[in-house]
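First up is the structure itself, then whatever we jot down about it.
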Amino acid sequence: MDLSYDPHANSAYLTLGTPAQRTHRVVGGLALQGMNGEVIFDLDAFGRIIGIEFDGARELLKPEVWEG
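Per the working numbering, the very first residue in the sequence shown carries number 2; after that it's consecutive.
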């Protein structure tokens with residue numbers, strides 16, 4: 002697993018694995034009630050989660066994730 006953070010985009014990405022085949026992105030994502038942000042899942046061709054994007058990372062994640 003690897004976590005990266007882009008302060009300009011206020012976005013973090015958690016890589017969970019390498020896709021077995023071509024990657025499919027779930028564009029809709031998951032909006033969290035009462036929070037400014039969205040969680041977007043990247044899936045491989047078999048529907049397994051291989052990555053998670055946190056759009057609005059400063060609002061969704063603990064400060065130690067995006068301050069470091």
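Beta carbons: idealized from backbone N, C-alpha and C, even for Gly.
Query: Per DSSP, what kind of secondary structure is leucine 31 in: helix, strand or coil?; Result: strand
Query: Check whether the Cβ atoms of leucine 15 and glutamate 60 lie closer than 9 Å to each other.; Result: no
Query: Would DSSP call leucine 61 helix, strand or coil?; Result: helix
Query: With a Cβ-Cβ cutoff of 9 Å, do aspartate 43 and serine 12 count as a contact?; Result: no
Query: Based on the DSSP secondary-structure assignment, which residues constitute the bridge partners of phenylalanine 42?; Result: Ile53
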